[in-house]
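The structure appears right after this line, and notes come after that.
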Amino acid sequence: GENVEQHPSTLSVQEGDSAVIKCTYSDSASNYFPWYKQELGKRPQLIIDIRSNVGEKKDQRIAVTLNKTAKHFSLHITETQPEDSAVYFCAGPNAGGTSYGKLTFGQGTILTVHP
Amino acid sequence: ETGVTQSPTHLIKTRGQQVTLRCSSQSGHNTVSWYQQALGQGPQFIFQYYREEENGRGNFPPRFSGLQFPNYSSELNVNALELDDSALYLCASSLGLAGGQETQYFGPGTRLLVL
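Respectively, the protein sequence lines represent chains S and X. Be aware that the first sequence starts at 5, since it is given in the numbering used here, and climbs by one per residue. Be aware that the second sequence starts at -12, since it is given in the numbering used here, and climbs by one per residue.
Here it is, written out as structure tokens:
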């Protein structure tokens, strides 16, 4: 099955700086990589996702890059704001087997943006 | 918000009891996945239901069981509750067409405390 490693576990930046979170995965058949943001006591919220037919996707201040050869993908947040402070999770899917369609989540990154 | 709802929001049970958690999927979605999120960790896949059939299961014992109804809402049942079952239980709704690449939208979760 899929194994997803996420780094760093905590990230502290000043408002306006960029933040980068990286994930590696093990299953070369994985083809879909979402990122979720979870604020304290709330549901995970999808912020961006990428499928394996593209190497990069951008949505305003958020971008995700994918390197299928190296089996890693990264979340980039530019011009960070205090409201970006949250826990961020990457995930990868199982493409088949007995856990079809499941998401395997990374361990999470606690992002703190200081004003 | 995602349109995915869960009930109840909070629940307190004692060891050995049984619990049923409920999830209503987003309109138009036919797939519901259940996840357990322990404090400080990423969600862990329990199982997925697609068109009323179990479509994959994670590493959870048989005392975790589920159902999906014709309207695609779903239940998670846990028998013989243990202290370690204390967690946030999340359901995620998706449209099951893209071979495991479907975007999953999470409900607000049910926080279960087992005493």
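No residue lacks a Cβ here, since even glycine has one placed at the ideal position from N, Cα and C. The structure displayed is predicted, hence computed values, not measured ones.
Is DSSP giving residue i helix, strand or coil here?
i: P97(S); result: strand
i: L44(S); result: coil
i: P48(X); result: coil
i: L8(X); result: strand
i: E6(S); result: coil
i: E87(S); result: helix
i: D21(S); result: coil
For residue i, which of the options has the nearest alpha-carbon?
i: E41(X); options: F47(X), G53(X), N64(X), R98(X); result: G53(X)
i: D21(S); options: E9(S), I66(S), A74(S); result: I66(S)
i: P57(X); options: N66(X), V19(X), L26(X); result: V19(X)
i: P48(S); options: E39(X), W21(X), R38(X); result: W21(X)
i: T(-8)(X); options: K46(S), T14(S), N57(S); result: K46(S)
i: N17(X); options: P49(X), S60(X), L26(X), G3(X); result: S60(X)
i: S32(S); options: Q64(S), L15(S), L107(S), H76(S); result: H76(S)
i: R50(X); options: T(-11)(X), P(-5)(X), P30(X), T7(X); result: T7(X)
i: E39(X); options: P30(X), P(-5)(X), Q55(X), N66(X); result: Q55(X)
i: E89(X); options: E6(S), L15(S), S34(S), S30(S); result: S34(S)
i: Q42(S); options: G59(S), A23(S), A90(S), T73(S); result: A90(S)
i: E6(S); options: S30(S), V58(S), S16(S), V17(S); result: S30(S)
When you compare only the Cα positions, how much space is there between residue i and residue j?
i: E62(X); j: N46(X); result: 18 Å
i: Y36(X); j: G96(S); result: 19 Å
i: I33(X); j: E83(S); result: 37 Å
i: Q5(X); j: H(-3)(X); result: 15 Å
i: Y36(S); j: Q91(X); result: 11 Å
i: G43(X); j: T1(X); result: 29 Å
i: G94(X); j: L82(X); result: 15 Å
i: G147(X); j: S73(X); result: An answer regarding residue 147(X) cannot be provided, because it is not within the stretch -12 to 102 covered by chain X.
i: I54(S); j: G27(X); result: 25 Å
i: G(-10)(X); j: R9(X); result: 14 Å
i: S(-6)(X); j: A79(X); result: 13 Å
i: D71(X); j: L77(X); result: 16 Å
i: E60(S); j: V65(X); result: 41 Å
For residue i, collect the residues of the same chain with a Cβ closer than 7 Å to its Cβ; drop the 5 residues on either side in sequence, then sort them by chain order.
i: D88(S); result: I81, L115, V117
i: P12(S); result: T113
i: L50(S); result: P38, Y40
i: Q85(S); result: E19, V117
i: I(-1)(X); result: L100, L102
i: K72(S); result: S56
Who are the near neighbours of residue i in its chain, counting only those whose CB is closer than 6 Å to its CB and skipping five residues on each side?
i: L79(S); result: I25, W39, V68
i: L75(X); result: Q24, G96, R98
i: E9(S); result: T28
i: D63(S); result: I52
i: T14(S); result: I114
i: P30(X); result: Y22, Q24, L77
i: N11(X); result: Position check: residue 11(X) holds Ser in this sequence, whereas Asn was assumed. For S11(X), where only same-chain residues beyond five positions count, the Cβ hits under 6 Å are T(-8), S60.
What does a CB cutoff of less than 8 Å around residue i pick up in its chain, not counting 5 residues either side in sequence?
i: G110(S); result: V8, E9, Q10, C27, F93, C94, A95
Practice item. Using a Cβ-Cβ cut-off of less than 8 Å, give me the residues of the stretch 42 to 62 of chain S that come near chain X, in sequence order. Key: K46, R47, P48, Q49, L50, D53, R55
Practice item. Anything in the stretch -3 to 24 of chain X with a Cβ closer than 9 Å to a Cβ of chain S? List those residues in chain order, please. Key: T18, S20, Y22, Q24
**Study point:** Members of the stretch 59 to 78 of chain X near chain S, C-beta cut-off 8 Å
**Key:** L77
Exercise for review: Please list the residues of the stretch 66 to 96 of chain S that have a C-beta atom closer than 7 Å to any C-beta atom in chain X, keeping them in chain order.
Suggested key: F93
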